[in-house]
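Trainee: Take this structure first; my questions come after.
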Amino acid sequence: MPSPTKPVPTSLTDYQLLGDSGLRVSPLCLGTMNFGESWGTGANEEDSRKVFEGYAEAGGNFIDTADFYTNGESETFLGGFLEAHGERDRFVLATKYTLQRREGDPNACGNHRKSMVTAVEASLKRLKTDAIDLYWLHIWDFTTPTDEVIRAFDDLVKAGKIHYVAISDTPAWKVAELHTYAKCHALTRPIAMQLEYSLITRDVERDLAPMCTELGLGLLPWSPLKGGVLSGKYGRAELEAIQRGDEKGVGMRGMQLDEQRVALIEGLQKIGDAHGKSVAQVAMNWLLARLYVPSVIIGPRTPGHLESSLGCLGFDLTDEQFAEIEALAPLKLGFPHDFLRTGFPRQIATAGVDLPKRPYGQLHPAD
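Residue 1331 is where the sequence shown starts when you use the working numbering, and the numbers rise one by one after that.
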């Protein structure tokens, strides 16, 4: 049975609440990891500016970067664009800390207070702003105590350096601990999570998505097209080239195409044809229909990429299409979820009475 869904927003100005907060954000977040060329890929300053301006003109207000992206170029470009635009407060500006800023320096990375405070000051300068609207812990480092992270975040909020706190790429049990510690001590709580999530990578549906629903965290998917696998550019011809080992196939091995993924792409194409949409637009539309997803992070490198991404808005899949898609992209929940969804445990836990479920209990409906 497909999970419950919600209507998909119609435009970038169909603003959504971010988690259990009053912050309003566009349903597509402009990710800027492609702003800058210092990694040998990405977009130059002029092309990056065109993407930013196109997003702003379409009504988008939610922009995501990180101090690590393109060695700081992304933040620097974005700071200049915002300054030139002249309406800084119209945007919800998000950035991240944790990843290394100097090779070989163990304190120029990590989740600890020194790393956080040093990173936020540098980001504020590059972004040319007095405050960051949403500050992300980028990845969990498995070394910093929970209380140190939460109290450091709270101090930055009280100092006016940041407005909201969020967590990226961290296990569910640790996020729950961080959230609970903050709530019990009346400190600033995280309001969102950023996670890899697509029709190919659905692992977050086991524990992270239900946790976000229960704790009031908005879930923002990154890599919604699984690095381009769901872009619609690749299909059976490319899989056969990989299997033959010809020159084209050798260059395609990184796409990790297999029979199941090609069947999924073909199914998405069939559904897309019915709506006049592309494979990529259907794949992102499916994400936006998740109850716990207020916004999906896109990373356009060109204005054309941005325009294509905007096409995922403004249409709704049917129940039959949701069922078809999820049959093509199955997820095994594993223990304890599969066990708890079966008849006998449910029978003896409820005495056979049909009881209302809390929101997180609706995400894994019984077979």
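The beta-carbon is built from N, C-alpha and C at its ideal position, and this holds for glycine as well. Treat the numbers as computed from the prediction; the structure is a model and nothing was measured.
Out of G1691, A1438, G1372, which one is the CA nearest neighbour of L1545?
Mentor: It is G1691 whose Cα lies nearest to the Cα of L1545.
Trainee: When you compare the region 1505-1512 with the region 1471-1481, are there three or more beta-carbon pairs, one atom per stretch, that lie closer than 8 Å?
Mentor: Touching, yes, given that three or more Cβ pairs across the two stretches are closer than 8 Å.
Trainee: Measuring CB atoms only, is the region 1348-1364 touching the region 1451-1461, in the sense that at least three cross pairs come out at less than 8 Å?
Mentor: Touching, no.
Trainee: Count the other C-beta atoms from every protein chain shown that fall within 10 angstroms of the C-beta of D1394, then say buried if there are 16 or more, exposed otherwise.
Mentor: Buried, because 16 or more other Cβ atoms sit within 10 Å of the Cβ of D1394.
Trainee: I need the straight-line Cα distance from M1614 to L1636, nearest angstrom please.
Mentor: Approximately 13 Å between the Cα atoms of the pair.
Trainee: Give the C-beta separation of A1396 and H1493 to the nearest angstrom, bearing in mind that I take them to be a contact with Cβ-Cβ under 8 Å.
Mentor: No, A1396 and H1493 are not in contact; Cβ-Cβ is about 17 Å, not under 8 Å.
Trainee: Which same chain residues, not among the five before or five after T1335, have their C-beta less than 6 Å away from its C-beta?
Mentor: Around T1335: A1619.
Trainee: Where L1538 and R1532 are concerned, what is the direct C-alpha to C-alpha distance, given to the nearest angstrom?
Mentor: Each residue's Cα considered, the two are about 10 Å apart.
Trainee: On a Cα-Cα basis, can you pick out the residue from R1676, S1368, G1557, P1660 that is closest to E1405?
Mentor: Checked all of R1676, S1368, G1557, P1660; the closest Cα to E1405 is S1368.
Trainee: List the DSSP bridge partners of R1354.
Mentor: According to DSSP, R1354 bridges with L1347.
Trainee: When we look at the beta-carbon of R1456 and count the other beta-carbons within 10 Å, is it buried (16 or more) or exposed?
Mentor: Buried, since its Cβ has 16 or more Cβ neighbours within 10 Å.
Trainee: Do you know whose CA, among I1572, L1594, T1448, lies nearest L1555's CA?
Mentor: Selected option, being the one with the closest Cα: L1594.
Trainee: With DSSP as the reference, label E1433 as helix, strand or coil.
Mentor: In this structure, E1433 counts as coil in the three-state DSSP scheme.
Trainee: As a quick exercise: from K1504, G1410, I1627, pick the residue whose alpha carbon is nearest that of L1342.
Mentor: Cα-wise, what sits closest to L1342 is I1627.
Trainee: May I ask you to report which of helix, strand or coil DSSP gives L1496?
Mentor: It should be noted that the sequence gives Ala, not Leu, for residue 1496. Three-state result, A1496: strand.
Trainee: If you scan the region 1553-1633 from start to end, which runs of the beta strand (DSSP E) of 3 or more residues do you find wholly inside it?
Mentor: The qualifying runs are 1626-1628.
Trainee: Any beta carbon from chain D within less than 8 Å of E1383's own beta carbon?
Mentor: In summary, chain D is missing from the structure at hand, where a single protein chain is found.
Trainee: Just how far apart, CA to CA, sit R1676 and G1682?
Mentor: C-alpha separation (whole angstroms): 8 Å.
Trainee: Identify the continuous beta strand (DSSP E) that holds P1520 and give its terminal residues.
Mentor: Run containing P1520: 1520-1526, per the beta strand (DSSP E) assignment.
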